[in-house]
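Structure, as structure tokens:
Number of protein chains: 2
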Amino acid sequence: MDKLQIVKIGGNVIEDRKALLEFLSDFSNLEGPKILVHGGGKEATQMAKKLGVEVQLIEGRRITDAQNLEIITMLYAGKLNKNIVAQLQALGCNSLGLTGADGNSILADKRPSDPIDFGFVGDLTEVNQSLFKLLLREGISPVCCALSHDGKGQLLNTNADTIAATLAAALSSNYEVCLSFCFEKDGVLSDLNDELSIIKTINEEDYINLKSKGVLHTGMLPKLQNCFMALKNGVKQVRIGSPKMITETVNYTQITN
Amino acid sequence: MDKLQIVKIGGNVIEDRKALLEFLSDFSNLEGPKILVHGGGKEATQMAKKLGVEVQLIEGRRITDAQNLEIITMLYAGKLNKNIVAQLQALGCNSLGLTGADGNSILADKRPSDPIDFGFVGDLTEVNQSLFKLLLREGISPVCCALSHDGKGQLLNTNADTIAATLAAALSSNYEVCLSFCFEKDGVLSDLNDELSIIKTINEEDYINLKSKGVLHTGMLPKLQNCFMALKNGVKQVRIGSPKMITETVNYTQITN
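So the sequence lines, in the order shown, correspond to chains A and B. In terms of the working numbering, the first sequence has 230 at position 238, counting the first letter as 1, and numbering is strictly consecutive. In terms of the working numbering, the second sequence has 16 at position 24, counting the first letter as 1, and numbering is strictly consecutive.
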């Protein structure tokens, strides 16, 4: 099977122009089939403020009402996605930006409004493998933003980690997939105050232990659940670390079954 | 050669939700390979106002500075393009949204700043036929917004009529292309106050005569020039009329050599 790299970048890379350009240069240097998945960062909140659109939070989680979905669509699928694609082209990496609606690539159901109505948020149901295979075969790297659709005309805000993991899982029947989650640390830390305390490997047993000890912070829990889901579905390698790990020999956290 | 329909819609359809849904339903019913090209409408100006971004005009033409380009990218490539694609998917028409940067599909040079600096505006130089052929062969309809790129990382605002005509010209070496410009009238009118005064056909000689008589209004001149360019480059049929002409037997203006 051919190798496929799926790399997810989050807000910390997206929001720092220099870091983003460095990352895109590294990504464009990766050999073979590759997919980029990007989050959105804090700009959606800033844009909502500028446009006088209220951002509602329930239990610390953002509600995606119609106006906020419009802002997310403008920023994620428009500004961020297209500037990333234009930059990759300049670096000689032929890429193509996608929401889940494009080519019917990523389908989701709107999350049930009970017990909490999160608004236009999607829970993934299906990946259209054939489109990804078609593009990759032509040497085109898909660049996916954090939007899926329900097939009935509705775009849906979807966690970028979940998109990356679900894509990796779906494509692992055709490729030997390496999934890299890039974030602001060099790996999962055992001590948040010590940047060097990188945990080398985490398996499900470790996860349960670390969670019960309170070592894993809130955002890391769903990220790790996505990692285990990907591994259970045949993804060959899953790792969490800094963007540098995709081209350099640096430390990172390897997730294992 | 296979037939290919290229349909361009402008602001009047984009801005009217009911008209847009009707058009998309008609478009999705067209048989065979098809491409949709859409303009942006007036929302970019409204959004600039909301965000406190100045819109400069020189000789009645909009200047695309960096901030306005960002707004255009958010609206055209984000909000408008992705909602059109999601809607087409709901109608059973597999489509995929593109800027010129996606798949390196449409290349342009930034317009020279002398004599007037229009900012980030692109003059088209090249269409990547292979991407369009690849998508069309798979039964995927490209949905192009009015953005090209320079291949060096810069997105460029580009007239949607010109994109439609240039695409039609480029693809006419592989397809028998019918190019339809849809706008708010049933065709080019000989009397702007008489909606029924549709000119049946216009060739280049008619164009010169109508222009000298002042029958053709400002926006129609570049549109017709795009039509003649398309015909000279092998496009089989070029017409201007209402969106209804793509599925119904209605009057329209046929442009001929």
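Beta carbons are placed, not taken as given, at the ideal position from N, Cα and C, and that holds for glycine.
When you compare only the Cα positions, how much space is there between residue i and residue j?
i: A/Tyr287; j: A/Cys170; result: Missing from the structure shown is residue 287 of chain A; chain A here goes from -7 to 249 and no further.
i: A/Phe110; j: B/Asp178; result: 45 Å
i: A/Lys236; j: A/Tyr167; result: 23 Å
i: B/Ser172; j: B/Lys42; result: 34 Å
i: A/Leu126; j: A/Thr241; result: 31 Å
i: B/Gly233; j: B/Phe220; result: 16 Å
i: A/Gly52; j: B/Ala11; result: 40 Å
i: B/Lys192; j: B/Pro134; result: 30 Å
i: B/Asn218; j: A/Lys228; result: 52 Å
i: A/Ile238; j: A/Ile247; result: 15 Å
i: A/Arg161; j: A/Asn249; result: As written in the sequence, residue 161 of chain A is Ala, which differs from the Arg given in the question. Using only the alpha carbons, I get a separation of about 14 Å.
i: B/Leu163; j: B/Leu181; result: 29 Å
i: A/Asn75; j: A/Leu67; result: 10 Å
i: B/Leu88; j: B/Glu130; result: 11 Å
i: B/Asn257; j: B/Leu223; result: Nothing about residue 257 of chain B can be read from this structure; chain B reaches only from -7 to 249.
i: A/Leu139; j: A/Thr65; result: 8 Å
i: A/Thr37; j: A/Val47; result: 7 Å
i: B/Leu188; j: A/Asp106; result: 55 Å
i: B/Gly92; j: A/Leu13; result: 20 Å
i: B/Ile1; j: B/Val230; result: 14 Å
i: A/Ala156; j: A/Gly145; result: 23 Å
i: A/Ala69; j: A/Glu35; result: 13 Å
Going along the chain, which residues of its own chain have a beta-carbon closer than 7 Å to the beta-carbon of residue i, five neighbours each way excluded?
i: A/Val45; result: Gln59, Asn60, Ile63
i: B/Ser20; result: Leu80, Leu83, Gly84, Cys85
i: A/Leu72; result: Ile6, His30, Gly32, Cys137
i: A/Ser204; result: none
i: B/Leu16; result: Ile76, Gln79, Leu80, Leu83
i: B/Met39; result: Ile63, Leu67
Should residue i be labelled buried (16 or more other beta-carbon atoms within 10 Å of its own) or exposed?
i: B/Ile190; result: buried
i: B/Ile108; result: exposed
i: A/Asn151; result: buried
i: A/Thr210; result: exposed
i: A/Lys215; result: buried
i: A/Leu128; result: buried
i: B/Leu49; result: exposed
i: A/Asp94; result: buried
i: B/Ile194; result: buried
i: A/Asp153; result: buried
CB-CB under 6 Å to residue i, same chain, minus the five flanking residues each way: which ones, in chain order?
i: A/Leu208; result: Leu202
i: A/Asp101; result: Asp115, Thr117
i: A/Glu197; result: none
i: B/Leu22; result: Gln(-3)
i: A/Thr256; result: In the structure displayed, chain A extends from -7 to 249; residue 256 of chain A sits before or after that span and is not available.
i: A/Glu176; result: Asn4
i: A/Asp18; result: Ile238, Thr239
i: A/Arg54; result: none
i: A/Cys174; result: Ile1, Pro235
Quick one: residues in its chain with C-beta nearer than 8 Å to the C-beta of residue i, no 5 flanking neighbours on either side, listed in chain order?
i: A/Asp142; result: Leu99, Ala100, Asp101, Lys102, Gly114, Leu148
i: B/Ser165; result: Gln121, Gly226
i: A/Leu159; result: Ile(-2), Ile27, Val29, Ile98, Val119, Phe124, Cys136
i: A/Gly24; result: Asp(-6), Lys(-5), Leu(-4), Gln(-3)
i: B/Leu184; result: His209
i: A/Met212; result: Val180
i: A/Tyr199; result: Leu208, Leu216, Phe220
Chain-ordered residues of the region 65 to 78 of chain A with a beta carbon less than 8 Å from chain B:
Thr65, Met66, Leu67, Tyr68, Ala69, Gly70, Lys71, Asn73, Lys74, Asn75, Val77, Ala78
Short of 8 Å Cβ to Cβ, which residues in the region 146 to 171 of chain A face chain B?
Gln146, Leu147
Check each residue of the region 51 to 63 of chain A: if its Cβ is closer than 7 Å to any Cβ of chain B, include it; give the result in chain order.
Glu62
Any C-beta of chain A within less than 9 Å: which residues of the region 122 to 141 of chain B qualify?
Ser122, Leu123, Leu126, Leu127, Glu130, Ile132, Val135, Leu139, His141
Contiguous alpha helix (DSSP H) assignments of at least 4 residues, all confined to the region 66 to 148 of chain B
73 to 82, 121 to 129
What ranges does the beta strand (DSSP E) occupy inside the region 6 to 35 of chain A, keeping only unbroken runs of at least 3 residues that lie completely in it?
26 to 30
Using a Cβ cut-off of 7 Å, which residues of the region 16 to 37 of chain A contact any Cβ in chain B, in chain order?
none
What ranges does the alpha helix (DSSP H) occupy inside the region 177 to 229 of chain B, keeping only unbroken runs of at least 4 residues that lie completely in it?
196 to 204, 212 to 224
Residues of the region 89 to 102 of chain B with a CB closer than 8 Å to any CB of chain A: list them in chain order, please.
Gly89, Leu90, Thr91, Ala93, Asp94, Gly95, Asn96
In chain order, what residues of the region 201 to 222 of chain B put their CB closer than 8 Å to some CB of chain A?
none
Could you name the residues of the region 184 to 196 of chain B whose beta carbon sits closer than 9 Å to any beta carbon of chain A, in the order they occur along the chain?
none
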